[in-house]
Amino acid sequence: MKRLLCLILAISVTACASNTVINSTPNGAQVYVNGEKAGTTPYAYSDTKIIGSTNTVLLKKDGYQDFVASFSRNDNVNVGALIGGLFLFVPFLWVMNYKPTYSYELEELKKTN
Numbered sequence: 042m043k044r045l046l047c048l049i050l051a052i053s054v055t056a057c058a059s060n061t062v063i064n065s066t067p068n069g070a071q072v073y074v075n076g077e078k079a080g081t082t083p084y085a086y087s088d089t090k091i092i093g094s095t096n097t098v099l100l101k102k103d104g105y106q107d108f109v110a111s112f113s114r115n116d117n118v119n120v121g122a123l124i125g126g127l128f129l130f131v132p133f134l135w136v137m138n139y140k141p142t143y144s145y146e147l148e149e150l151k152k153t154n
């Protein structure tokens, strides 16, 4: 019984994190997540926020218009958190994940003569 409880707890704890990759066309755009510089595309993002949490992403690249989008943790079911939530209510807060990838196309700035 103790082993089962330890296994359920381990699944629940590891199931809290959600990962996604932020892509842009073209690659190499600066990525800002929730106002903080995070890296360049393709950028691997991970957090342990609860279900429904929304993040704002800003992409910047020389010669292209800045691009703003948001993504929420409500796209994919997290099976580990779902199983853990059957025994302990708390893991239900992480029962949804981000999509595996988010892809955004940047628009070139118009050149003036």
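Here the sequence shown stands for residues 42 to 154, numbered as in the working numbering. Using N, Cα and C, we set each Cβ at its ideal position, and we do this for glycine too.
>> Using a 10 Å radius around the Cβ and a threshold of 16 neighbouring Cβ atoms, would you call residue 44 buried or exposed?
In response: Within the sequence shown, residue 44 is the residue found at index 3, counting from 1. Answer is exposed; the Cβ neighbour count stays below 16.
> Whole-angstrom Cβ separation of residue 95 and residue 113, contact assumed at under 8 Å?
Replying inline: For this step, residue 95 is matched to residue 54 along the sequence shown. For this step, residue 113 is matched to residue 72 along the sequence shown. Right, their Cβ atoms sit about 4 Å apart.
> Can you round the beta-carbon distance between residue 138 and residue 59 to whole angstroms, since I take them to be within the 8 Å contact cut?
Replying inline: Translated into the one-based positions of the sequence shown, residue 138 becomes position 97. Translated into the one-based positions of the sequence shown, residue 59 becomes position 18. About 4 Å separates the two Cβ atoms, so the contact holds.
> For residue 150, which residues from the same chain have a beta carbon less than 8 Å from its beta carbon, with the 5 sequence-adjacent residues on both sides left out?
Replying inline: Mapped onto the sequence shown, residue 150 falls at position 109. So the qualifying residues of the chain are 104, 105 and 106.
>> Could you give the first and the last residue of the continuous beta strand (DSSP E) run that contains residue 150?
In response: Numbered from its first residue, the sequence shown carries residue 150 at position 109. From DSSP, residue 150 is part of no beta strand (DSSP E); its letter is neither H nor E.
> Can you give the Cα-Cα distance for residue 142 and residue 84, rounded to whole angstroms?
Replying inline: Walking along the sequence shown from the start, residue 142 turns up at place 101. Walking along the sequence shown from the start, residue 84 turns up at place 43. Each residue's CA atom was taken as its position, placing residue 142 and residue 84 some 10 Å apart.
> In angstroms, rounded to a whole number, what distance separates the CA positions of residue 144 and residue 71?
Replying inline: Working through the sequence shown from its first residue, we reach residue 144 at position 103. Working through the sequence shown from its first residue, we reach residue 71 at position 30. Residue 144 and residue 71 have their alpha carbons spaced roughly 14 Å apart.
>> Spatial neighbours of residue 152 within its chain, please: C-beta separation below 6 Å, excluding the five flanking residues on both sides.
In response: Translated into positions along the sequence shown, residue 152 becomes position 111. Within the same chain, and ignoring the five residues on either side of residue 152 in sequence, no residue has its Cβ closer than 6 Å to its Cβ.
> Do you know whose CA, among 140, 99, 109 and 101, lies nearest residue 93's CA?
Replying inline: Counting from one through the sequence shown, the residue named residue 93 turns up at place 52. Nearest neighbour of residue 93 by Cα position, chosen from 140, 99, 109 and 101, turns out to be 140.
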